[in-house]
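Working notes for the structure below.
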Amino acid sequence: YLIPLSSSHYPVNQTTMHRPSLSACQLILRSFGRSGGNIVASRRFASSMNVRDALNSAMKEEIERDPNVFLMGEEVAQYEGAYKVSKGLWKLMGDKRVIDTPITEMGFAGLAVGAAMAGLRPICEFMTFNFSMQAIDHVINSAAKTYYMSAGDVKVPIVFRGPNGAAAGVAAQHSQDFASWYSHCPGLKVVSPWNSEDARGLLKAAIRDNDPVVCLENEMMYGVSFEVSPECESKDFLIPIGKAKIEIPGNHISLISYGKFVGLCVEAAAELAKEGIQCEVLNLRTLRPLDEEAIVKSVMKTHHVVTVESCWPQCGMGAEIAARIMESQAFDYLDAPLTRMTGADVPMPYAQALEAAALPQVADIVRVVRRTLNRAAK
Amino acid sequence: MPLSSSAIRANLLLLRGGCGLFVSSRLASSAMLSTRPYKLHKLESGPASEAQVTSDEARKYYRDMATVRRMETAAGNLYKEKAIRGFCHLYSGQEACCVGMEAVLDRNDPVITAYRAHGWTYTRGVPVKAVLSELTGRASGCAKGKGGSMHMYNHNFYGGNGIVGAQVPLGAGIAFAQKYREDKRVCVTLYGDGAANQGQVFEAFNMAKLWDLPCIFVCENNKYGMGTAVERAAASTAYYTRGDYIPGLWVDAMDVITVREATRFAKDWCLSGKGPILLEMETYRYHGHSMSDPGTSYRTREEVQSMRQMRDPIASFRQTLLTAELVAEEELKEIDQSVRKEVDEAVQAAKTNAVPDPKELYTNVYSQPPSGQPNYRIRGIDQFTWSAN
Numbered sequence: 021y022l023i024p025l026s027s028s029h030y031p032v033n034q035t036t037m038h039r040p041s042l043s044a045c046q047l048i049l050r051s052f053g054r055s056g057g058n059i060v061a062s063r064r065f066a067s068s069m070n071v072r073d074a075l076n077s078a079m080k081e082e083i084e085r086d087p088n089v090f091l092m093g094e095e096v097a098q099y100e101g102a103y104k105v106s107k108g109l110w111k112l113m114g115d116k117r118v119i120d121t122p123i124t125e126m127g128f129a130g131l132a133v134g135a136a137m138a139g140l141r142p143i144c145e146f147m148t149f150n151f152s153m154q155a156i157d158h159v160i161n162s163a164a165k166t167y168y169m170s171a172g173d174v175k176v177p178i179v180f181r182g183p184n185g186a187a188a189g190v191a192a193q194h195s196q197d198f199a200s201w202y203s204h205c206p207g208l209k210v211v212s213p214w215n216s217e218d219a220r221g222l223l224k225a226a227i228r229d230n231d232p233v234v235c236l237e238n239e240m241m242y243g244v245s246f247e248v249s250p251e252c253e254s255k256d257f258l259i260p261i262g263k264a265k266i267e268i269p270g271n272h273i274s275l276i277s278y279g280k281f282v283g284l285c286v287e288a289a290a291e292l293a294k295e296g297i298q299c300e301v302l303n304l305r306t307l308r309p310l311d312e313e314a315i316v317k318s319v320m321k322t323h324h325v326v327t328v329e330s331c332w333p334q335c336g337m338g339a340e341i342a343a344r345i346m347e348s349q350a351f352d353y354l355d356a357p358l359t360r361m362t363g364a365d366v367p368m369p370y371a372q373a374l375e376a377a378a379l380p381q382v383a384d385i386v387r388v389v390r391r392t393l394n395r396a397a398k
Numbered sequence: 003m004p005l006s007s008s009a010i011r012a013n014l015l016l017l018r019g020g021c022g023l024f025v026s027s028r029l030a031s032s033a034m035l036s037t038r039p040y041k042l043h044k045l046e047s048g049p050a051s052e053a054q055v056t057s058d059e060a061r062k063y064y065r066d067m068a069t070v071r072r073m074e075t076a077a078g079n080l081y082k083e084k085a086i087r088g089f090c091h092l093y094s095g096q097e098a099c100c101v102g103m104e105a106v107l108d109r110n111d112p113v114i115t116a117y118r119a120h121g122w123t124y125t126r127g128v129p130v131k132a133v134l135s136e137l138t139g140r141a142s143g144c145a146k147g148k149g150g151s152m153h154m155y156n157h158n159f160y161g162g163n164g165i166v167g168a169q170v171p172l173g174a175g176i177a178f179a180q181k182y183r184e185d186k187r188v189c190v191t192l193y194g195d196g197a198a199n200q201g202q203v204f205e206a207f208n209m210a211k212l213w214d215l216p217c218i219f220v221c222e223n224n225k226y227g228m229g230t231a232v233e234r235a236a237a238s239t240a241y242y243t244r245g246d247y248i249p250g251l252w253v254d255a256m257d258v259i260t261v262r263e264a265t266r267f268a269k270d271w272c273l274s275g276k277g278p279i280l281l282e283m284e285t286y287r288y289h290g291h292s293m294s295d296p297g298t299s300y301r302t303r304e305e306v307q308s309m310r311q312m313r314d315p316i317a318s319f320r321q322t323l324l325t326a327e328l329v330a331e332e333e334l335k336e337i338d339q340s341v342r343k344e345v346d347e348a349v350q351a352a353k354t355n356a357v358p359d360p361k362e363l364y365t366n367v368y369s370q371p372p373s374g375q376p377n378y379r380i381r382g383i384d385q386f387t388w389s390a391n
């Protein structure tokens, strides 16, 4: 069960739910990179799909499946999506199911929440989550809290989705990672897919969920292809919300991440594997509720932990994971304090080198792992 | 021709001679009552200048307004006794608005409003007992004590919303859902003169007009947004025109029949596919913005008194009914007594019913546990405190 690699510089994820043995994984990840080599394809893998197509097909299928589901957002219909995630959907489904909104986030997010309260199942797209700040009152006060305030009378089965975090060179107002803001709030479920399988399964699960779900994607991942299992292509393929996934098992150190940064952890793991360091890469998949059981189990096994994210350091996801570990039995299993790798504590700069320095890179993860394990810097 | 119910009633009262009451048997079963003048915005014509009101309807409107008034007075007293905490925004003075509108709406037309919601909660079918118990935080409250004054709901009543103006796009969304499902219904979306300046209100207007949503936007203009008089907050206080491309009506909302006919006009407008419409209900609140506001630092006592004496919706309707001989004075007194009894009993229940079970702290956060964590527990104030599963 070796995995063929895509032509992108991201490794193809082994997407089966049941893990093969450790050594097989290390073999698989030994060679990757821009040149990509083709290793023998596994019988388990049906085809390759990029994250954009994963999201697109998920929405298409869910809109076809349930007459109450519809997509609304800026440029989603006739323009086919600012990032082409909704390409082809309007042509196929028409004005009723795929709706272009004016550039009025507070208004259309509120309208979408009202429609959800009245029994429809909207997918409300934010062109990027930076713009969700204009509408955040509706996400939190109108959507997240209503089921509780109404003591179970009013459900809000809405999905808010869109790109989150940094893209490339879009500067400070367009690069914020909202993972910790949204995962702070009870009443929301918050998911963040990394690869195509995550994207399909989590978005479908989000659309079928009867509670408000925030789905934090990443623009830089939209064009990245991954092999997907046959199960993933099924119309009823769902990933359970609240369950993390061990992308690569390992015994020496846990790398815990979500979204795009899982890919960086996988790359770092491959590099470290060359020197015999076995990283366990845990893809959170869901940020609220966190899969604390998976986090604790991993740390108890490896005794070392690094978290990787693009939120700012203070009150970020790593801070939460650190607290959870402290509170759990994993605390007694730590051989070193947790390290959180985060966005630098600055608004995102524009110049390329500065931007690169503002976010964790593969080399940084490698360095931090070695430091945590007290290996000398190379 | 069979006797109308009111004529029968009149005769029965006559028979009940033991009470020593004399009732005129000349009571009408219905009367044509005139509406107060409207102002139109982008409309060729407006609501009717007079309307047929039956004595049954008259009694109902009177009763409902009297109930809201007494319920709000009771709420004010409970607040002063500290049985109600936090915010409490009273509707006294504005009763003709909710009662007049409900006269034309039915329970399939959804309504959403802001936080001055107790009157609407009642007319939407929540009994006085459930409203007052919610205010005192009892398990018998309409939101099990978990919502409080600003978060009361019922079938086709979406609250009760605490964030000024937020209910307006929500209401447009409810209207959107109705249009999507081809329900022949209107959504009534209320907001105040203060909220009328919110940007999201105009965003909602834009989408409602663009997409022809069956939404009746209603500005309940009670002249003050908290402590700020309308002239100090709005560059234009002609709220019925501020929908711009949305036609509008100004309504003297101190008269229940005037409100009713405006609502009839608006509902017909929306249901005939003409898109949204905006009603400005000019009204008045006797109390301050909330119980923590005496309501006299920004307006004179004379102004409040004068409104109560000259323009009270209940007193003036009472007078209209007596003059039109639609309802006998004794009946109105009986209604008053019955309302008092109902509210008094509700107050008792609100003071003595059980508070919510402690486990309710953790319920209704999600409607279903996360699919990957069926035994999902909710954390309490520390890592040792959890919801029971």
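Line order of the protein sequences matches chains A and B.
First residue of the first sequence: 21, per my numbering; consecutive thereafter.
First residue of the second sequence: 3, per my numbering; consecutive thereafter.
For every residue, glycine included, the Cβ atom is placed at its ideal position computed from N, Cα and C.
Report the CB separation of residue i from residue j in whole angstroms; it is logged as a contact under 8 Å.
| i | j | result |
| --- | --- | --- |
| T327 (chain A) | M337 (chain A) | 7 Å |
| Q169 (chain B) | T115 (chain B) | 6 Å |
| L92 (chain B) | A76 (chain B) | L92 (chain B) to A76 (chain B), Cβ: 10 Å. No contact. |
| I176 (chain B) | P112 (chain B) | 5 Å |
| E65 (chain B) | V341 (chain B) | Residue identity differs from the one stated: residue 65 (chain B) is Arg in this sequence, not Glu. Sure, about 7 Å apart at Cβ, within 8 Å. |
| K225 (chain B) | D195 (chain B) | 7 Å |
| T69 (chain B) | I259 (chain B) | With a Cβ gap of about 18 Å, T69 (chain B) and I259 (chain B) do not count as contacting. |
| E284 (chain B) | Q96 (chain B) | 10 Å between Cβ atoms; not a contact. |
| S299 (chain B) | G227 (chain B) | Actually they are not in contact, since the Cβ atoms of S299 (chain B) and G227 (chain B) sit about 14 Å apart, beyond 8 Å. |
What first and last residue would you give for the alpha helix (DSSP H) that runs through residue i?
| i | result |
| --- | --- |
| V71 (chain A) | V71 to R85 |
| E104 (chain B) | E97 to E104 |
| R360 (chain A) | Per DSSP, R360 (chain A) belongs to no alpha helix (DSSP H); it is in the beta strand (DSSP E), T359 to M361. |
| P315 (chain B) | P315 to T325 |
| S57 (chain B) | S57 to K82 |
| L292 (chain A) | K280 to A293 |
| R308 (chain A) | Premise fails: R308 (chain A) lies in the beta strand (DSSP E), T306 to R308, not in any alpha helix (DSSP H). |
| R266 (chain B) | V258 to W271 |
| T166 (chain A) | T166 to M169 |
| T125 (chain B) | H120 to T125 |
| A33 (chain B) | From DSSP, A33 (chain B) is part of no alpha helix (DSSP H) but of the beta strand (DSSP E) over S32 to S36. |
| T302 (chain B) | No alpha helix (DSSP H) holds T302 (chain B); DSSP gives it neither H nor E. |
| L172 (chain B) | Q169 to Y182 |
| K131 (chain B) | V130 to L137 |
| T354 (chain B) | E331 to T354 |
| M137 (chain A) | E125 to M137 |
May I ask you to list the residues that DSSP assigns as paired with residue i?
| i | result |
| --- | --- |
| N156 (chain B) | B:F159 |
| R381 (chain B) | B:W388 |
| M283 (chain B) | B:E222 and B:V253 |
| A163 (chain A) | Per DSSP, none; premise fails for A163 (chain A). |
| H43 (chain B) | B:G250 |
| N303 (chain A) | A:K265 and A:S277 |
| M92 (chain A) | A:I119 and A:C144 |
| Y193 (chain B) | B:C221 |
| Q54 (chain B) | B:M34 |
Taking residue i as part of the beta strand (DSSP E), name the residues at either end of that continuous run.
| i | result |
| --- | --- |
| W252 (chain B) | G250 to D254 |
| S238 (chain B) | Unbroken run through S238 (chain B): none, as it is neither H nor E. |
| I143 (chain A) | R141 to E145 |
Inset, instruction - Jot down the residue ranges of each uninterrupted beta strand (DSSP E) in the region 184 to 265 of chain A, minimum 3 residues, whole runs only, in chain order. - result: Whole beta strand (DSSP E) segments, 3+ residues: 209 to 211, 233 to 237 and 245 to 248.
Inset, instruction - Could you list the residues in the region 332 to 354 of chain A with a C-beta less than 7 Å from some C-beta on chain B, going in chain order? - result: E347
Inset, instruction - Scan the region 118 to 134 of chain A for residues whose Cβ lies nearer than 9 Å to a Cβ of chain B and list them as they occur along the chain. - result: I119, T121, P122, T124, E125, M126, G127, F128, A129, G130, L131, A132, V133 and G134
Inset, instruction - Mind listing, in chain order, the continuous alpha helix (DSSP H) runs of no fewer than 4 residues lying wholly within the region 315 to 385 of chain A? - result: 337 to 347 and 372 to 377
Inset, instruction - With 7 Å as the C-beta to C-beta threshold (strictly closer), list the residues of the region 368 to 380 of chain B near chain A in chain order. - result: Listed in sequence order: Y368, S369, Q370, P372, S373, G374, Q375 and Y378.
Legend entry - Residues of the region 293 to 310 of chain A with Cβ closer than 9 Å to any Cβ of chain B, in chain order: R305, T306, R308 and P309
Inset, instruction - Identify each residue in the region 148 to 170 of chain A for which the Cβ-Cβ distance to at least one residue of chain B is less than 7 Å, and report them in chain order. - result: D157, H158, N161, S162, Y167, Y168, M169 and S170
Legend entry - Residues in the region 249 to 261 of chain A having any Cβ partner in chain B nearer than 9 Å: L258, I259, P260 and I261
Legend entry - Interfacial residues, the region 200 to 214 of chain A to chain B, with Cβ spacing under 7 Å: P206, G207 and K209
Legend entry - Residues of the region 165 to 177 of chain B whose Cβ lies closer than 7 Å to any Cβ of chain A, in chain order: I165, A168, P171, L172, G173, A174, G175 and I176
Legend entry - Contact residues within the region 141 to 160 of chain B, judged by C-beta distance below 7 Å to chain A: A145, K146, K148, G149, H153, Y155 and Y160
Legend entry - the region 215 to 249 of chain A: positions lying closer than 8 Å to chain B by Cβ: Listed in chain order, the positions of the region 215 to 249 of chain A with a beta carbon within less than 8 Å of a beta carbon of chain B are A225, D229, N230 and D231.
Legend entry - Chain-ordered residues of the region 332 to 363 of chain B with a beta carbon less than 7 Å from chain A: none
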